[in-house]
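Structure first, commentary second.
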Amino acid sequence: MKTLLLSAMLLCGVHDHHTDAVRLTVDDIPDREIWIHPVIPIKGNVAIREGKWIQRPYVFICHDGPVTEHRVRNAVRYWERLGYTFGPISTLEQGNEKCMTGDAVGGSITIDIPSQDFKFGTHLGQTRTWRWTATNEIFKARIEIIPAWGDSERILEHEIGHALGWMDMNSIGHIMHRAWSDGGLRSTGVKNEVND
Ligand SMILES: [Zn+2]
Numbered sequence: 252m253k254t255l256l257l258s259a260m261l262l263c264g265v266h267d268h269h270t271d272a273v274r275l276t277v278d279d280i281p282d283r284e285i286w287i288h289p290v291i292p293i294k295g296n297v298a299i300r301e302g303k304w305i306q307r308p309y310v311f312i313c314h315d316g317p318v319t320e321h322r323v324r325n326a327v328r329y330w331e332r333l334g335y336t337f338g339p340i341s342t343l344e345q346g347n348e349k350c351m352t353g354d355a356v357g358g359s360i361t362i363d364i365p366s367q368d369f370k371f372g373t374h375l376g377q378t379r380t381w382r383w384t385a386t387n388e389i390f391k392a393r394i395e396i397i398p399a400w401g402d403s404e405r406i407l408e409h410e411i412g413h414a415l416g417w418m419d420m421n422s423i424g425h426i427m428h429r430a431w432s433d434g435g436l437r438s439t440g441v442k443n444e445v446n447d
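Heads up, the sequence shown is in this note's numbering, so the first residue is 252 and it goes up one at a time.
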């Protein structure tokens with residue numbers, strides 16, 4: 252299974268996807284087990300959401316992160332127009348423990364440069380989300396982008412889409428298209444529904 256998924260990613264030329272669910276405990280939310288959920292590449296052209304936030308996510312940029320606050324504000328605005336709300340956007344101080352360890356701050360979408368398991372060569376960015384299995388509530392997410400691509404059109408927007416729970420799809424010109432070159436700004440199916 253893992254081999255098949257990796258083969259698919261080689262074709263997609265972009266970002267994300269963790270092929271193994273990793274069980275771990277984190278210090279910021281004690282006494283509860285959490286899982287890192289894989290974002291599984293799919294062949295379909297319909298938007299599928301695998302989790303969602305209950306609280307508004309803060310957006311933190313690690314000190315040595317790949318994007319400016321200005322760039323992040325623009326990307327966040329794309330999703331705000333689709334009905335999503337976010338907490339404040341700010342830059343973390345140098346040496347922040349979560350940034351140093353490839354983690355994300357609880358309650359936030361944390362943006363940083365690639366960590367150890369980044370798939371260089373096939374990916375420009377990747378996003379990991381942490382969810383409660385019982386409710387599918389996302390409680391933190393970590394976006395990693397190669398610094399040279401930080402300012403590139405749509406990559407950050409796409410990764411924020413993952414951080415909001417959306418999966419990759421294959422609809423040409425869509426923000427969640429898995430391949431950067433075939434994607435676009437189209438947002439069919441990913442609006443935040445009021446009673447969702
Ligand atoms: Zn993706």
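Built from N, CA and C at the ideal position, the CB exists for glycine as well.
For residue i, which residues from the same chain have a beta carbon less than 7 Å from its beta carbon, with the 5 sequence-adjacent residues on both sides left out?
{"i": "G295", "result": "M420 and N421"}
{"i": "R437", "result": "G424, H425 and I426"}
{"i": "S366", "result": "G353 and E395"}
{"i": "E344", "result": "H314"}
Pull up the DSSP beta-bridge partners for residue i, would you.
{"i": "E453", "result": "Because the chain spans 252 through 447 in this model, residue 453 falls outside it and cannot be assessed."}
{"i": "K428", "result": "In the sequence as presented, Lys is not what sits at residue 428; that position holds His. DSSP, once it has assigned bridges, lists M420 as partnering H428."}
{"i": "E388", "result": "K303"}
{"i": "I411", "result": "Paired residues: none, contrary to the question."}
{"i": "V297", "result": "Answer by DSSP bridge pairing: none, since V297 is not bridged."}
{"i": "T342", "result": "I312"}
Keeping to the same chain, check which residues put their C-beta closer than 8 Å to that of residue i; ignore five residues upstream and five downstream.
{"i": "I299", "result": "I293, W417, M418 and M420"}
{"i": "S258", "result": "The predicted model places S258 with a pLDDT of 30, which falls under 50 and marks its position as unreliable; any figure quoted below should be read in that light. None."}
{"i": "T439", "result": "A298, S422 and H425"}
If you measure between the beta carbons of residue i and residue j, is that distance less than 8 Å?
{"i": "A414", "j": "T380", "result": "yes"}
{"i": "R307", "j": "G338", "result": "yes"}
{"i": "Y309", "j": "G358", "result": "yes"}
{"i": "T378", "j": "A392", "result": "yes"}
{"i": "K442", "j": "G346", "result": "no"}
{"i": "N387", "j": "E301", "result": "yes"}
{"i": "I364", "j": "V323", "result": "no"}
Suppose the cutoff is 6 Å on Cβ atoms and the five residues either side in sequence are ignored; what does the same chain contact list for residue i look like?
{"i": "M351", "result": "none"}
{"i": "G376", "result": "H266, I396, I406 and E410"}
Between the Cα of residue i and those of the options, spot the shortest distance and give me the residue it belongs to.
{"i": "F390", "options": "R437, G424, I360 and H321", "result": "I360"}
{"i": "K311", "options": "R328, T386 and T319", "result": "Note on residue identity: the sequence assigns Phe, not Lys, to residue 311. Of the listed residues, the one whose Cα sits closest to F311 is T319."}
{"i": "H321", "options": "K303, Y335, T342 and E331", "result": "T342"}
{"i": "I305", "options": "I364, T336 and V356", "result": "T336"}
{"i": "W330", "options": "E408, G401 and G435", "result": "E408"}
Should residue i be flagged as near chain D, meaning a C-beta pair shorter than 8 Å?
{"i": "D433", "result": "Protein chains in the displayed structure number just one, and chain D is not present."}
Are the stretch 313-331 and the stretch 340-359 touching, with three or more C-beta to C-beta distances below 8 Å?
-> Contact between the stretch 313-331 and the stretch 340-359 is present: 3 or more CB-CB pairs across the two stretches fall below 8 Å.
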